[in-house]
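S.K.: First, the structure itself, so that you have it in front of you.
Residue numbers (full-length UniProt numbering), protein chains in the order written: chain C, 1 to 62; chain G, 1 to 449.
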């Protein structure tokens, strides 16, 4: 996985600003920690090649 | 004696006149009142209403009216199922000012029609986001077999209430393992049915594309019978000649020695040699994690903007991080889910049931909530779903059975079938129970006959 070009702190602040979301100071550290975990999972998904014809899963109709 | 009695035996005793529904209900209420302080599984008791309904059942018995199958049988619900006239909290104080439920959740309604009586709401992780049932508002639910240990979550109150013998069955929900993890740690039977097979109406949502409603019981017969009552379908014939395979790879790593030995005994009994693997299991877990975070975070975002401080801090920070995930990450996770589902469906062309561990070890200690992952201590709260989360992604039915005679605290095994094939799970579970390999974990309190 390639390291992000900026820190998780900056990433979280930027995402919150883009959503006009005021993060209470008490939760900033926890949100950053959880974002870090999710970034690792997101990288696994991002790096897995899928054909263009693979549609998002919707309702379960096996 | 009603403690540890099964739903089947309670219903039989009431039907036969051996004991009244009212005396049964009073005994259940007494047991909970006397013993729940040790484990804290119950968040609200419907004592008065339950007694009224029990008296109504006794009146039916006196009039010799036909009784529905679960007449007079008490049950509890995870604190996110609507009970008419009661505010559904979903384990939070955030919803405390919402109006009382106008009607029962669909599953509760079906169970009432079958004669069962809701007695209690049961503790959970706030908004079902967690594997610990460690709730900042309503306290920690403790494992009945060792109160220094976790009960698991998020349906921890539901599992613990059955494990402690308070109630014969309870309702829970499973998004990433919230039935299977606590069932495993508490040593009871649990079922996560096929996604969409049971109605979710009136169950407070968490992650809409993954949420499944299900139940916990002390016996396999109750698990099966109550499933078909809740599904509102006749019991299906159980296939006898099952092709079974044991999942390896991801599912064979990090096992405690006792669990590895127990799984080996199961495999030996079934004549299984070797293992099979599901492709890209770590990515399947990642996708389940991301979808849950994104859907849960988006659901709560309006309230988080207004009153983030009202949330349990652990839940709040996870939901906020999830709400801020890019749409592209969520959509890619759902695309991967489609791919993975197709691979899993293909695997079920070769087998009927896959077996896998539920949780890698015994219940972690509450004051040292770690488990061994990759040879290192890791957060239990973050990793108890290691084996359940990948299997949540496709939407398959999974039965969690309590393994017998492991020489440890409870350990659980997942039986996994193709969608809609719950009958195959019941069939294999029965074979393992008859072989002495599965059954409710013993409790140090004398059990009812």
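Note that the Cβ used here is the ideal one computed from N, Cα and C, for glycine as well.
The model shown is predicted, which means the values in this text are computed figures rather than measured ones.
Can you tell which of 53(G), 152(G), 242(G) and 198(G) has the C-alpha that lies nearest to the C-alpha of residue 115(G)?
M.R.: Reading the second chain from its first residue, position 115 is the one you call residue 115(G). Per the Cα distances, 53(G).
S.K.: Just to make sure I have the definition right: I need the residues of chain G whose C-beta is within less than 7 angstroms of the C-beta of residue 65(C). Which are they?
M.R.: The structure shown does not extend to residue 65(C), since chain C is modelled only from 1 through 62, so no value can be given for it.
S.K.: With 8 angstroms set as the bound, which would you pick, yes or no: does the beta-carbon of residue 25(C) sit closer than that to a beta-carbon of chain G?
M.R.: Indexing the first chain from 1 puts residue 25(C) at position 25. For residue 25(C), the answer is no, since every Cβ of chain G falls outside 8 angstroms of its Cβ.
S.K.: Quick check: the region 159-169 of chain G against the region 32-52 of chain G, are at least 3 beta-carbon pairs closer than 8 angstroms?
M.R.: The region 32-52 of chain G is in contact with the region 159-169 of chain G.
S.K.: From residue 448(G) to residue 14(G), what distance separates their C-alpha atoms?
M.R.: Looking up residue 448(G) in the second chain gives position 448. Looking up residue 14(G) in the second chain gives position 14. Note that residue 448(G) scores 37 on pLDDT, short of 50, meaning its location in the model is unreliable; the coordinates nonetheless yield the value given after this. Spanning the two alpha carbons is a distance of roughly 16 angstroms.
S.K.: Mind checking the region 331-345 of chain G against chain C and listing, in chain order, the residues whose C-beta falls within less than 8 angstroms of any C-beta there?
M.R.: Those residues of the region 331-345 of chain G that come within reach of chain C (Cβ to Cβ, closer than 8 angstroms) are 331, 332, 333, 334, 335, 336, 337, 338, 339, 341 and 345.
S.K.: Does residue 19(G) come out as helix, strand or coil in the three-state DSSP assignment?
M.R.: Looking up residue 19(G) in the second chain gives position 19. Reduced to three states, the DSSP call for residue 19(G) is coil.
S.K.: When the Cβ atoms of the region 95-113 of chain G are set against those of the region 196-207 of chain G, are three or more pairs found closer than 8 angstroms?
M.R.: Touching, yes, given that three or more Cβ pairs across the two stretches are closer than 8 angstroms.
S.K.: If you measure from the beta carbon of residue 10(C) to each beta carbon in chain G, is any gap under 8 angstroms?
M.R.: Along the first chain, read from residue 1 onward, the residue named residue 10(C) stands at position 10. No - not a single Cβ of chain G is within 8 angstroms of the one on residue 10(C).
S.K.: Within the 8 angstroms Cβ cut-off, does residue 8(G) reach chain C?
M.R.: Here the question's residue 8(G) lines up with position 8 in the second chain. By this cut-off, residue 8(G) is not an interface position.
S.K.: Is there a Cβ from chain G that is less than 8 angstroms from the Cβ of residue 42(C)?
M.R.: Numbered from 1 along the first chain, position 42 holds the residue referred to as residue 42(C). Interface residue, yes.
S.K.: Using a cut-off of 8 angstroms between C-beta atoms, extract the partners of residue 57(C) located in chain G.
M.R.: Reading the first chain from its first residue, position 57 is the one you call residue 57(C). What residue 57(C) touches in chain G: 209, 334, 335, 337, 338 and 341.
S.K.: Hey, would you say residue 159(G) sits closer than 8 angstroms to residue 119(G), going by beta carbons?
M.R.: Locating residue 159(G) in the second chain gives position 159, counting from the first residue. Locating residue 119(G) in the second chain gives position 119, counting from the first residue. Taking 8 angstroms as the Cβ cut-off, residue 159(G) and residue 119(G) do not qualify as a contacting pair.
S.K.: Kindly confirm or deny that the region 271-282 of chain G and the region 379-386 of chain G touch, where touching means at least three C-beta pairs closer than 8 angstroms.
M.R.: Verdict: no, contact absent.
S.K.: Taking C-beta to C-beta, are residue 242(G) and residue 353(G) nearer than 8 angstroms?
M.R.: Numbered from 1 along the second chain, position 242 holds the residue referred to as residue 242(G). Numbered from 1 along the second chain, position 353 holds the residue referred to as residue 353(G). Contact flag set, yes.
S.K.: Going along the chain, which residues of its own chain have a beta-carbon closer than 6 angstroms to the beta-carbon of residue 284(G), five neighbours each way excluded?
M.R.: Taking the first residue of the second chain as 1, we reach residue 284(G) at position 284. The answer, listed in chain order, is 340, 390 and 393.
S.K.: Between residue 13(C) and chain G, is any beta-carbon pair separated by less than 8 angstroms?
M.R.: Start at 1 with the first residue of the first chain, and residue 13(C) comes out as number 13. By this cut-off, residue 13(C) is not an interface position.
S.K.: Comparing the CB of residue 410(G) with every heavy atom of the ligand FAD, is any distance shorter than 7 angstroms?
M.R.: Of the ligands one can find in the structure shown there are none, so the ligand FAD has no counterpart to examine.
S.K.: For residue 324(G), would you say it is in contact with chain C, using Cβ-to-Cβ distances shorter than 8 angstroms as the test?
M.R.: Along the second chain, read from residue 1 onward, the residue named residue 324(G) stands at position 324. True, the Cβ-Cβ gap to chain C drops below 8 angstroms.
S.K.: How about residue 411(G) and residue 429(G): do their beta carbons lie closer than 8 angstroms?
M.R.: Translated into positions along the second chain, residue 411(G) becomes position 411. Translated into positions along the second chain, residue 429(G) becomes position 429. Not closer than 8 angstroms, so no.
S.K.: Which residues in chain C have a C-beta closer than 7 angstroms to the C-beta of residue 286(G)? List them in chain order.
M.R.: The sequence position of residue 286(G) within the second chain is 286, counting from 1. Per Cβ cutoff of 7 angstroms: 41, 44 and 45.
S.K.: Give the secondary structure of residue 135(G) by DSSP, where H, G and I count as helix, E and B as strand, and everything else as coil.
M.R.: Translated into the one-based positions of the second chain, residue 135(G) becomes position 135. Reduced to three states, the DSSP call for residue 135(G) is strand.
S.K.: Roughly how many whole angstroms lie between the Cα atoms of residue 330(G) and residue 41(C)?
M.R.: The sequence position of residue 330(G) within the second chain is 330, counting from 1. The sequence position of residue 41(C) within the first chain is 41, counting from 1. Rounded to whole angstroms, residue 330(G) to residue 41(C) spans 11 angstroms at the Cα level.
S.K.: Return helix, strand or coil for residue 390(G), following the three-state DSSP convention.
M.R.: The residue given as residue 390(G) occupies position 390 in the second chain. It is helical.
S.K.: Rounded to the nearest angstrom, what separates residue 66(G) and residue 60(G) at their Cα positions?
M.R.: Within the second chain, the letter at position 66 stands for residue 66(G). Within the second chain, the letter at position 60 stands for residue 60(G). Roughly 8 angstroms separates the two Cα atoms.
S.K.: Can you tell which of 218(G), 328(G), 7(G) and 304(G) has its C-alpha closest to the C-alpha of residue 186(G)?
M.R.: In the second chain, counting from the first residue as 1, residue 186(G) sits at position 186. Per the Cα distances, 218(G).
S.K.: Just to make sure I have the definition right: I need the residues of chain C whose C-beta is within less than 7 angstroms of the C-beta of residue 280(G). Which are they?
M.R.: Locating residue 280(G) in the second chain gives position 280, counting from the first residue. Neighbours of residue 280(G) on chain C, chain order: 48.
S.K.: So if I threshold CB-CB distances at 8 angstroms, which residues from the region 404-421 of chain G count as touching chain C?
M.R.: Taking 8 angstroms as the Cβ-Cβ cut-off against chain C, the residues of the region 404-421 of chain G that qualify are 418, 419 and 420.
S.K.: Would you say residue 141(G) and residue 130(G) are within 8 angstroms of each other, going by their C-beta atoms?
M.R.: As a working note, residue 141(G) is residue 141 in the second chain. As a working note, residue 130(G) is residue 130 in the second chain. Cβ distance not < 8 angstroms, so residue 141(G) and residue 130(G) don't count as in contact.
S.K.: Please state the DSSP three-state secondary structure of residue 414(G).
M.R.: For the purposes of this step, residue 414(G) is taken as residue 414 along the second chain, with counting starting at 1. In the structure shown, residue 414(G) sits in a strand (DSSP, three-state: E or B).
S.K.: Here's a check: name, in chain order, each residue in its chain whose Cβ is nearer than 8 angstroms to the Cβ of residue 420(G), leaving out the five neighbours to either side.
M.R.: Working through the second chain from its first residue, we reach residue 420(G) at position 420. Excluding sequence neighbours, residue 420(G) sits near 194, 197 and 397.
S.K.: Between the alpha carbons of residue 445(G) and residue 359(G), how many angstroms are there, rounded?
M.R.: Working through the second chain from its first residue, we reach residue 445(G) at position 445. Working through the second chain from its first residue, we reach residue 359(G) at position 359. Because residue 445(G) carries a pLDDT of 44, less than 50, the predicted location of this residue cannot be relied on, and no value is offered for it.
S.K.: What span of residues does the beta strand (DSSP E) with residue 356(G) cover, start to end?
M.R.: To locate residue 356(G), count along the second chain from 1; it is residue 356. Run containing residue 356(G): 353-357, per the beta strand (DSSP E) assignment.
S.K.: Thinking just about the alpha-carbon of each residue, which of 312(G), 133(G), 50(G) and 145(G) is nearest to the one in residue 154(G)?
M.R.: For the purposes of this step, residue 154(G) is taken as the residue at position 154 of the second chain. Of 312(G), 133(G), 50(G) and 145(G), the residue nearest in Cα terms is 133(G).
S.K.: Could you confirm whether any beta carbon from chain C is found closer than 8 angstroms to the beta carbon of residue 329(G)?
M.R.: Here residue 329(G) is taken as the residue at index 329 of the second chain, counted from 1. Yes, residue 329(G) lies at the interface with chain C (some Cβ there is under 8 angstroms from its Cβ).
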